[in-house]
Each structure stands twice: as structure tokens, then as C-alpha cells.
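Novice: Residue numbers (my numbering), protein chains in the order written: chain A, 1 to 115; chain B, 1 to 112.
I have a structure I would like to understand better, so I am pasting it below and will then ask my questions one at a time.
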Amino acid sequence: KAGVTQTPRYLIKTRGQQVTLSCSPISGHRSVSWYQQTPGQGLQFLFEYFSETQRNKGNFPGRFSGRQFSNSRSEMNVSTLELGDSALYLCASSLRSRGGTNNQFFGPGTRLTVL
Amino acid sequence: SQQGEEDPQALSIQEGENATMNCSYKTSINNLQWYRQNSGRGLVHLILIRSNEREKHSGRLRVTLDTSKKSSSLLITASRAADTASYFCATVRNFGNEKLTFGTGTRLTIIP
């Protein structure tokens, strides 16, 4: 099975622009979660999508949004970019089966640099 | 915000020695997981321990969990150069919840 893939791997944007990141989960996985990693704040949960619905949300401003498609692929969007949005954005997929504790599998991340 | 902290922040040991990392967290949990990250890449899941378990082994890894002290430790035995990485603990608060709350991480360097 192919692992979690994220595109693009690297991205450079300027302040005020918007950006869309993509995540393709492992085949059969229906849950996709997004995390932001920065040197100052560490790894922080952004949101989780399951069956095209946002199931959980972290403490981030409304500029951060996401969605999930019927094939479980997910995108996250950041509007009006700020310098502080520079980070490694990681997505993780899991089965999210009922009655189970599901291991999450992470993608390689998208490194976003805001100039 | 992060769930807790890991100790030490950085650790350097000789190849072949054992490495121990500690993690503390703040709230009740359903389970605690350990992840490895190489040079700012994706996270690799190492081991999961449930709140009703006290110790778990996987290959050269040994994890303990003390829910009364809200702490966990990860022991890597017979370290190898390839173990050089950052190690993070992450907690899941409720059963069925996918959200991982990460600790601050320990940077482990194995000296050949």
C-alpha cells in the first residue's frame, strides 16, 4: 500500500496570499487530520475530517480551513498568509474504525515558507 | 497548546548505550503514543500504550506509563546511529478521538 502523500512538498508564498495544501490518505483510510509544526509552538492539531465532515478542530484562526472529498483526499487552505504561518504542515490518516484505537500514519509534510 | 513536556530536550549518547526519554502530560488520557521524526520529515508511529497498561515492549523499545503521575518513559536499548531523531509523545484524551496532543520532543543524537 502506498503511504500518505502530500503535495506540494515545498512552497514559498508572500504575506497576504493564500495557499492550498493537499493530502491523499492511505487507501481505505477515511480519517484525515492536519497538524502544524513550528519551532516555537511545536506540533499542534489543526482539524480532522471524516466522511467529508469536520469532526474536530484545534485552536487556530478562521484563516485556516479544510475540506475532504468523497475519495477521502483532503485539502487545507490558509488565507491571508502571515509570516507566522511558516511551518511544516503534516497530515495523518487512519481507519477511524468503530470500537478501535487507530494508529495514525503521517505524510512527509509540506514545508511552507511565507516571505 | 501542547499537552506536556518531554525531558530531556536533547540527549547525546554513544552507540550501543541505552536512551531514556520522559514525557509528562496534564489531563486524563485514553492512550499515549510515541513517534519518531527524522530531520523535519513526517512522523513515524513507534508504539501505543493504553491507559490501563503499565508497560509495553516492541523490539528494542520499552514504554512505561504511570497514570497517577501523568508520565511516560521511552527506553531504547542498544542504540544505533539510525536512532538519531526527534522523539515525541502524544496523548489521546478520549476513546474514539483522533486528535493527538503532542509533547515538546526530545532530540536524540547517537554518536558512532
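Here a beta-carbon is modelled for each residue, glycine too, at the ideal position from N, C-alpha and C.
All of these numbers come straight from a predicted model, not from anything done at the bench.
1) Give me the residue from A:E82, A:Q104 and A:L95 with the minimum Cα distance to T91 of chain B.
2) Can you tell me the Cβ-Cβ gap for T104 of chain B and G42 of chain A, rounded? I've got them flagged as a contact below 8 Å.
3) Kindly say whether N97 of chain B, judged by its beta-carbon, lies nearer than 8 Å to any beta-carbon of chain A.
4) Taking only three categories from DSSP, how would you classify G84 of chain A?
5) Identify the continuous beta strand (DSSP E) that holds I13 of chain B and give its terminal residues.
6) With 16 as the cutoff for other CB atoms within 10 Å, does H29 of chain A come out buried or exposed?
7) Return helix, strand or coil for A90 of chain B, following the three-state DSSP convention.
8) So with CB distances below 7 Å, who are the chain B contacts of Q54 of chain A?
9) Using the C-alpha atoms, what's the distance from S86 of chain B back to S58 of chain B?
10) Can you find at least 3 beta carbon pairs, one from the segment 95–109 of chain B and one from the segment 4–12 of chain B, that sit closer than 8 Å?
11) Just the Cα atoms here: how many angstroms apart are G109 of chain A and R96 of chain A?
12) By the 10 Å Cβ neighbour count, where 16 or more other Cβ atoms means buried, how is N38 of chain B classified, buried or exposed?
13) In chain order, which beta strand (DSSP E) runs of at least 3 residues are fully inside the segment 15–102 of chain A?
14) Just reading off the beta strand (DSSP E) that T110 of chain A is part of, what are its end residues?
15) What three-state label does DSSP hand A114 of chain B in the structure shown?
16) Nearest chain B C-beta to E48 of chain A closer than 8 Å, yes or no?
17) Would you please state the rounded distance, in angstroms, between the beta carbons of V44 of chain B and R50 of chain B? I believe it to be under 8 Å.
18) Would you say S31 of chain A faces chain B, with C-beta separation under 8 Å as the test?
19) For S94 of chain A, decide whether its Cβ has a neighbour in chain B, counting only Cβ atoms nearer than 8 Å.
20) Does the Cβ of D66 of chain B have 16 or more other Cβ atoms within 10 Å, making it buried, or fewer, making it exposed?
21) To the nearest angstrom, how far is the alpha carbon of R93 of chain B from that of G84 of chain A?
22) Assign S1 of chain B to buried or exposed, taking buried as 16 or more other Cβ atoms, counted over all protein chains shown, within 10 Å of its Cβ.
Specialist: This is what the structure gives:
1) Looking up residue 91 of chain B in the second sequence gives position 91. Closest option to T91 of chain B, Cα to Cα, is A:Q104.
2) Looking up residue 104 of chain B in the second sequence gives position 104. Looking up residue 42 of chain A in the first sequence gives position 42. The pair is a contact, with the Cβ atoms about 6 Å apart (cut-off 8 Å).
3) The residue labelled residue 97 of chain B in the question sits at position 97 within the second sequence. By this cut-off, N97 of chain B is an interface position.
4) Counting from one through the first sequence, the residue named residue 84 of chain A turns up at place 84. The answer is helix: DSSP assigns G84 of chain A an H, G or I state.
5) Reading the second sequence from its first residue, position 13 is the one you call residue 13 of chain B. Run containing I13 of chain B: A10 to Q14, per the beta strand (DSSP E) assignment.
6) Taking the first residue of the first sequence as 1, we reach residue 29 of chain A at position 29. H29 of chain A is buried by the Cβ-count criterion.
7) Working through the second sequence from its first residue, we reach residue 90 of chain B at position 90. Correct three-state label for A90 of chain B: strand.
8) Locating residue 54 of chain A in the first sequence gives position 54, where the first residue counts as 1. Correct list: empty, because the minimum Cβ distance to chain B is about 12 Å.
9) Reading the second sequence from its first residue, position 58 is the one you call residue 58 of chain B. Reading the second sequence from its first residue, position 86 is the one you call residue 86 of chain B. So the two alpha carbons sit approximately 18 Å from each other.
10) yes
11) As a first step, residue 109 of chain A must be located in the first sequence, where it is residue number 109. As a first step, residue 96 of chain A must be located in the first sequence, where it is residue number 96. The straight-line gap from Cα to Cα measures roughly 21 Å.
12) Within the second sequence, numbered from 1, the residue matching residue 38 of chain B stands at position 38. Exposed: under 16 other Cβ atoms inside 10 Å.
13) 19–24, 31–38, 42–50, 53–57, 64–68, 74–78 and 87–94
14) The sequence position of residue 110 of chain A within the first sequence is 110, counting from 1. Element bounds for T110 of chain A: T110 to V114.
15) Since the displayed chain B opens at 1 and closes at 112, residue 114 of chain B lies outside it and no answer follows.
16) Counted from its first residue, the first sequence places residue 48 of chain A at position 48. So, interface residue.
17) Here residue 44 of chain B refers to the residue found at position 44 of the second sequence. Here residue 50 of chain B refers to the residue found at position 50 of the second sequence. In fact, because the Cβ distance is near 20 Å, the residues do not count as touching under 8 Å.
18) For the purposes of this step, residue 31 of chain A is identified with residue 31 of the first sequence, where counting begins at 1. Cβ-Cβ to chain B under 8 Å: yes for S31 of chain A.
19) Sequence index remark: in the first sequence, residue 94 of chain A carries index 94 (1-based). Yes, its Cβ sits closer than 8 Å to a Cβ of chain B.
20) The residue given as residue 66 of chain B occupies position 66 in the second sequence. So D66 of chain B ends up on the exposed side.
21) Working through the second sequence from its first residue, we reach residue 93 of chain B at position 93. Working through the first sequence from its first residue, we reach residue 84 of chain A at position 84. R93 of chain B and G84 of chain A: Cα-Cα distance of roughly 28 Å.
22) Counted from its first residue, the second sequence places residue 1 of chain B at position 1. At S1 of chain B the pLDDT is 48, less than 50, meaning the model places this residue with poor confidence; the figure from the coordinates comes in the next sentence. Classification for S1 of chain B: exposed.
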